[in-house]
Amino acid sequence: MLELAGVQAGYGEVQVLYDVSLKVGQGQVVTLLGRNGMGKTTTVSTIMGILPAMAGTISFDGASIARQSPFRVARCGIGLVPEGRQVFPNLTVRENLHVAGRKARPGASPWDIEKVLELLPALRPKLPIMGRLLSGGEQQMLAIGRALMTNPRLLILDEATEGLAPIIRAEIWRCITKIKSTGQSILVIDKNVKALMAIADRHYFIEKGRIVHDCSSEALREDRSLQQRYLGV
Amino acid sequence: MRKLSYILCALGIAVLFCVPAVTEVADMSYYLDFTTRVVIFAMAAVSLDLILGYGGMVSFGHAAFLGVGGYAVGILSYYGITDGFIHFGVAILASALVALFIGMLSVRTIGVYFIMITLAFSQMLYYLAISVNTYGGDDGLSVRGASVFAGVVDLADRDQLYYASLAILLGMLLICYRLIGSRFGMVLRGIKSDERRMIAIGYSPFRYKLLAFVISGVMCGIAGALLANQTLFISPAIMHWSRSGEIMVMAILGGISTLFGSVIGAGLYLGLEETLSRFTPHWQVLLGPLLVVVVLFARNGVLSLIVPRRAKTRHG
Chain V
32 MLELAGVQAG
42 YGEVQVLYDV
52 SLKVGQGQVV
62 TLLGRNGMGK
72 TTTVSTIMGI
82 LPAMAGTISF
92 DGASIARQSP
102 FRVARCGIGL
112 VPEGRQVFPN
122 LTVRENLHVA
132 GRKARPGASP
142 WDIEKVLELL
152 PALRPKLPIM
162 GRLLSGGEQQ
172 MLAIGRALMT
182 NPRLLILDEA
192 TEGLAPIIRA
202 EIWRCITKIK
212 STGQSILVID
222 KNVKALMAIA
232 DRHYFIEKGR
242 IVHDCSSEAL
252 REDRSLQQRY
262 LGV
Chain U
70 MRKLSYILCA
80 LGIAVLFCVP
90 AVTEVADMSY
100 YLDFTTRVVI
110 FAMAAVSLDL
120 ILGYGGMVSF
130 GHAAFLGVGG
140 YAVGILSYYG
150 ITDGFIHFGV
160 AILASALVAL
170 FIGMLSVRTI
180 GVYFIMITLA
190 FSQMLYYLAI
200 SVNTYGGDDG
210 LSVRGASVFA
220 GVVDLADRDQ
230 LYYASLAILL
240 GMLLICYRLI
250 GSRFGMVLRG
260 IKSDERRMIA
270 IGYSPFRYKL
280 LAFVISGVMC
290 GIAGALLANQ
300 TLFISPAIMH
310 WSRSGEIMVM
320 AILGGISTLF
330 GSVIGAGLYL
340 GLEETLSRFT
350 PHWQVLLGPL
360 LVVVVLFARN
370 GVLSLIVPRR
380 AKTRHG
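Taken in sequence, the protein lines are chains V and U. For this note's numbering, add 31 to where a residue sits in the first sequence, where the first one is 1. For this note's numbering, add 69 to where a residue sits in the second sequence, where the first one is 1.
The following block contains the structure:
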């Protein structure tokens, strides 16, 4: 579904990604792991077309998306839950969801407001409330719901549980597990390796802008030194 | 709270509908002209509020559209055409094209750059009007005949002009209100809060901002056409940057992101101009401190003092 091969990217003159290659298959949950400043969010920005790829290829369903503008990449079927929640503060919860709504591809089970509220029931009583008035956890749920409303073929979650209370984190992981059960392809960037091992099919480790290792959840569970080596935990 | 808003709105509309009759009975026809002027400038302020309050586009050249609409009426009547449908059709088309051109170059920018580009285009049109001597140049152009619609509605008649202006203003408010609540309005408000987030969910802000800018320009152009009908005179002064500033003050005074606040803002501004200018020609000196007071103590404009906005569900 999504394939990055030898991607290089950066901010102006400053190169951050030197060699990023990874694959996300249909219905797979794949994680991108690494310490802070290693290039995880830069990889997401490059996939979304926010940063131009200096070299390498990015293809989605076999078509190159490396030179596409960000809104066209989103329209290809990639839904992003960005770092820092970023809901629309001046729209109500209902409007935040409604504005993102897009038709699902033929044959797919579509996400609509009702289905999103079934997944995220905490949002139901908040529907008429402005986005800015939600708590951090509610905002994160809204950001996930908003991304689902685009009926994405690939969902990217960038630090979805960052800065949240443990009880809210558990709720977010429960949601992600439920989303996975619908057959949704997901690329997750997070630091919670324990939770990721439970839901992910494959893990990629990034260090100084390079993918240095990839393995299955079983391999990661068995080889504790991997976490020590690449994540410092 | 919503009930109070509706009651106040209905009351306001009822009062406005009674103005011609009251001024007739009280023999104060001047105040009918004044109220017509308020209604026309309210349209301009509402048009600005649509893009400023809901789209975050601080246009400092909105008076250009007043001029385009006004000159459309003035130039057509100069050639003996007084058909209202042609007058307003050309005014709408011309202001839409000018807004499309200015918008295509300006809406890609934000903040001070957007302000400077809209200001620059407005001043270019101002100097263009000055330089065309055929249409009066700096001295302006007399409108030889007001707009007549199929022999039924004649805008030379003050009552008809007033009611036509009021109906158009109410129509504009209704359209804007529906527009803001629509998906288009949600996208526009989302863009105001953060363009990049809107891009991330698959929208191109350029298209939405441009369409909003064109709609706003057309609304202001219609106001210009009505203004030319009221004054039966059009001059480059209508497009001067200070006029754009006045429209902005009206919108801010009433309360941005409120639509109805712009109507109150226009009434308040022109009312203050009318009252204070009797005491001193430098009436703006008195307006300045008032604006400061409004900004400090009624950040959401005068309307928020009358109808406090609901923080939980308010748009903007």
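Where is the CB? At the ideal position from N, CA and C, for every residue including glycine.
Just the Cα atoms here: how many angstroms apart are residue 222/V and residue 66/V?
-> Approximately 8 Å between the Cα atoms of the pair.
Starting from residue 255/V, follow the alpha helix (DSSP H) in both directions and report where the run begins and ends.
-> Note, residue 255/V: premise wrong, no alpha helix (DSSP H); not H, not E.
What residues from chain V crowd round residue 255/U, counting only those whose CB sits closer than 7 Å?
-> Ordered by position in chain V, the residues that pass the 7 Å Cβ test against residue 255/U are 122, 126, 129, 130.
When the Cα atoms are used, what is the spatial distance from residue 248/U to residue 254/U?
-> Between the alpha carbons of residue 248/U and residue 254/U lies a distance of about 5 Å.
Along the stretch 57-90 of chain V, what residues have a CB closer than 8 Å to any CB found in chain U?
-> Within the stretch 57-90 of chain V, the residues whose Cβ lies closer than 8 Å to some Cβ of chain U are 79, 81, listed in chain order.
Among 322/U, 333/U, 331/U, 86/U, the one whose alpha carbon lies nearest that of residue 358/U | Per the Cα distances, 322/U.
Alpha-carbon to alpha-carbon, residue 100/V and residue 61/V = Between residue 61/V and residue 100/V, the C-alpha separation is close to 24 Å.
Under 9 Å from the C-beta of residue 20/V: neighbouring residues of chain U = Because chain V spans 32 through 264 in this model, residue 20/V falls outside it and cannot be assessed.
Do you know how far the Cα of residue 115/U is from the Cα of residue 216/U?
-> Within the model, the alpha-carbon separation for residue 216/U versus residue 115/U is close to 23 Å.
Does the count of Cβ pairs from the stretch 323-336 of chain U and the stretch 161-175 of chain U closer than 8 Å reach three?
-> With the cut-off at 8 Å, the stretch 323-336 of chain U and the stretch 161-175 of chain U do not touch.
Selected residue, minimal CA-CA separation from residue 188/V, among 194/V, 128/V, 114/V = Nearest C-alpha to residue 188/V: 114/V.
Say whether the stretch 163-181 of chain V touches the stretch 119-137 of chain V, bearing in mind that this needs 3 or more beta-carbon pairs closer than 8 Å, one atom from each stretch.
-> Enough Cβ pairs lie closer than 8 Å, so yes.
Quickly, what does DSSP pair residue 208/U with across the bridge? List them, please.
-> Within the DSSP bridge table, the entry for residue 208/U names no partner.
Per-residue contacts from residue 17/V into chain U (C-beta, under 9 Å) = Not covered by the structure: residue 17/V. The range shown for chain V is 32 to 264.
Is the CB of residue 240/V under 9 Å away from at least one CB in chain U?
-> By this cut-off, residue 240/V is not an interface position.
Would you please verify whether the beta carbon of residue 258/U is less than 9 Å from any beta carbon of chain V?
-> By this cut-off, residue 258/U is an interface position.
Of the residues 173/U, 143/U, 366/U, which one's Cα is nearest the Cα of residue 190/U?
-> Cα-wise, what sits closest to residue 190/U is 173/U.
Residues bridged to residue 247/V by DSSP?
-> According to the DSSP secondary-structure assignment, residue 247/V is paired through a beta bridge with 233/V.
Going by DSSP, name the residue or residues bridged to residue 216/V.
-> 185/V.
By the criterion of Cβ-Cβ separation under 7 Å, what are the contact partners of residue 273/U in chain V?
-> The answer, in chain order, is 102.
For residue 276/U, which option in 136/U, 151/U, 177/U, 160/U has the closest C-alpha, if you only look at C-alpha atoms?
-> Nearest to residue 276/U by C-alpha distance, out of 136/U, 151/U, 177/U, 160/U, is 177/U.
Taking C-beta pairs closer than 8 Å, name the residues in chain V that residue 252/U reaches, listed in chain order.
-> Chain V residues near residue 252/U: 129, 130.
Start-to-end residues for the beta strand (DSSP E) that takes in residue 49/V | That run of the beta strand (DSSP E) goes 45-55.
Can you have a look at residue 320/U and say buried or exposed, based on whether 16 or more other CB atoms are within 10 angstroms of its CB?
-> Using a 10 angstroms sphere on the CB of residue 320/U, the tally of other CB atoms reaches 16 or more, which defines it as buried.
Counting only the same chain and skipping the five closest in sequence on each side, list residues whose C-beta sits under 7 Å from that of residue 225/U.
-> Exclusion of the five residues before and after residue 225/U leaves 215 as the residues of its chain whose Cβ lies within less than 7 Å of its Cβ.
With a 10 Å radius around its C-beta and 16 neighbouring C-beta atoms as the bar for buried, classify residue 198/V as buried or exposed.
-> Per the 10 Å Cβ criterion, exposed.
By the criterion of Cβ-Cβ separation under 8 Å, what are the contact partners of residue 137/V in chain U?
-> Near residue 137/V there are no residues of chain U at all, since even the closest Cβ is about 18 Å away, more than 8 Å.
Hey, is residue 178/V's beta-carbon within less than 9 Å of any beta-carbon in chain U?
-> By this cut-off, residue 178/V is an interface position.
Taking buried to mean at least 16 other C-beta atoms within 10 Å of its own C-beta, is residue 148/U buried or exposed?
-> Its Cβ having fewer than 16 others within 10 Å, residue 148/U is exposed.
With 9 Å as the threshold, decide whether the Cβ of residue 181/V is near any Cβ in chain U.
-> Using a Cβ-Cβ cut-off of 9 Å, residue 181/V counts as an interface residue toward chain U, since at least one Cβ of chain U sits closer than that to its own.
Nearest candidate by alpha-carbon position, reference residue 122/U, set 257/U, 267/U, 354/U = Measuring C-alpha to C-alpha distances from residue 122/U to each of 257/U, 267/U, 354/U identifies 257/U as the nearest.
Closest by C-alpha distance to residue 183/V, when choosing among 71/V, 90/V, 105/V | When each option's Cα is compared against that of residue 183/V, the closest is 105/V.
Residue 177/V bridges to which residues according to DSSP?
-> In the DSSP output, where bridge partners are listed per residue, residue 177/V has none listed.
Close Cβ partners of residue 310/U (< 8 Å) along its chain, the five nearest in sequence each way excluded = Excluding residues within five positions, the ones whose Cβ falls inside 8 Å are 129, 130, 132, 188, 191, 192, 195.
Report, in whole angstroms, the separation of the C-beta atoms of residue 153/V and residue 84/V, which I expect to be a contact under 8 Å.
-> About 38 Å separates the beta carbon of residue 153/V from that of residue 84/V, a gap too long to meet the 8 Å contact definition.
Are the C-beta atoms of residue 105/V and some chain U residue less than 9 Å apart?
-> Yes, because at least one Cβ of chain U sits closer than 9 Å to the Cβ of residue 105/V.
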